[in-house]
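Asks: What follows is a structure written as structure tokens; I'll ask about it next.
Numbering (this note's numbering), first residue to last: 75 to 206.
Here it is as structure tokens:
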């Protein structure tokens, strides 16, 4: 018998880390539709999708539309559009070095760091390049 197998967890983690490091910022190009309307299917679109969902239906060489009604475009026009295997993000993560009360981020000023650690408690990361 055949058994499906996953690669070792470390291999999967390394692949995800590589994709995370190469993630690109994107924005949605919804072809002029408002974001509010792009999530709501039109009635005729809905009835067509039900009939086209049959395994016996034919595509009739129609061009494939984007699955969710919009296309991801790179935020930086110098970058290529992301593939289905790329990791993407809509907006950058907030900075955790400076205090941001709106987001509940206390910042790292005045915190004790471990000068021998290379981890998140280490002075290089925790002090955010300010020196210690």
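In this text, a Cβ means the ideal position worked out from N, Cα and C, and glycines have one as well. Note that the structure is predicted; figures quoted are calculated from it, not measured.
#1: So, does the region 179 to 192 touch the region 157 to 166, judging by three or more C-beta pairs under 8 Å?
#2: Roughly how many whole angstroms lie between the Cα atoms of residue 100 and residue 75?
#3: Determine the burial state of residue 176: buried for a count of at least 16 other Cβ atoms within 10 Å of its Cβ, exposed for fewer.
#4: Put residue 84 into one of helix, strand or coil per three-state DSSP.
#5: Taking the straight line between their C-alpha atoms, what separation do you get for residue 114 and residue 158?
#6: For a test of the three-state rule: what should DSSP assign to residue 90, helix, strand or coil?
#7: So, helix, strand or coil for residue 78, using DSSP?
#8: Could you tell me the distance, in whole angstroms, from the CA atom of residue 77 to the CA atom of residue 94?
#9: For residue 153, collect the residues of the same chain with a Cβ closer than 6 Å to its Cβ; drop the 5 residues on either side in sequence, then sort them by chain order.
#10: Kindly list the residues whose CB is nearer than 7 Å to the CB of residue 202, restricted to its own chain and excluding five residues on each side of it in sequence; keep chain order.
#11: With burial defined as no fewer than 16 other Cβ atoms inside 10 Å of the residue's Cβ, what is the status of residue 192: buried or exposed?
#12: Taking the C-alpha atoms as reference points, what is the distance between residue 89 and residue 194?
#13: If you reduce the DSSP assignment to three classes, tell me which class residue 199 lands in.
#14: Got a sec? Which residues, its chain only, sit under 6 Å from residue 107 by beta carbon, not counting five neighbours each side?
Replies: Judging by the given coordinates:
#1: In the pairwise beta carbon analysis, the region 179 to 192 is classified as not touching the region 157 to 166: fewer than three pairs are separated by under 8 Å.
#2: The C-alpha of residue 75 is placed about 44 Å away from the C-alpha of residue 100.
#3: So residue 176 ends up on the exposed side.
#4: Annotated three-state conformation of residue 84 is helix, per DSSP.
#5: For residue 114, the predicted structure reports a pLDDT of 48, less than 50, and the residue's modelled location is therefore unreliable. The matter cannot be settled from this model.
#6: Reduced to three states, the DSSP call for residue 90 is helix.
#7: Here DSSP, grouped into helix, strand and coil, assigns residue 78 to coil.
#8: Cα-Cα distance, rounded: 30 Å.
#9: Cβ-Cβ distances below 6 Å link residue 153 to 98 in the same chain, with the five nearest sequence neighbours on each side left out; the list follows chain order.
#10: Exclusion of the five residues before and after residue 202 leaves 171, 182 as the residues of its chain whose Cβ lies within less than 7 Å of its Cβ.
#11: Under this definition residue 192 is an exposed residue.
#12: Cα to Cα, the separation comes out at about 22 Å.
#13: It is helical.
#14: Reliability of the predicted coordinates at residue 107 is poor, the pLDDT of 48 falling under 50, and the value obtained from them is presented with this limitation in mind. A distance below 6 Å between beta-carbons, with the five flanking residues on each side excluded, links residue 107 to no residue of its chain.
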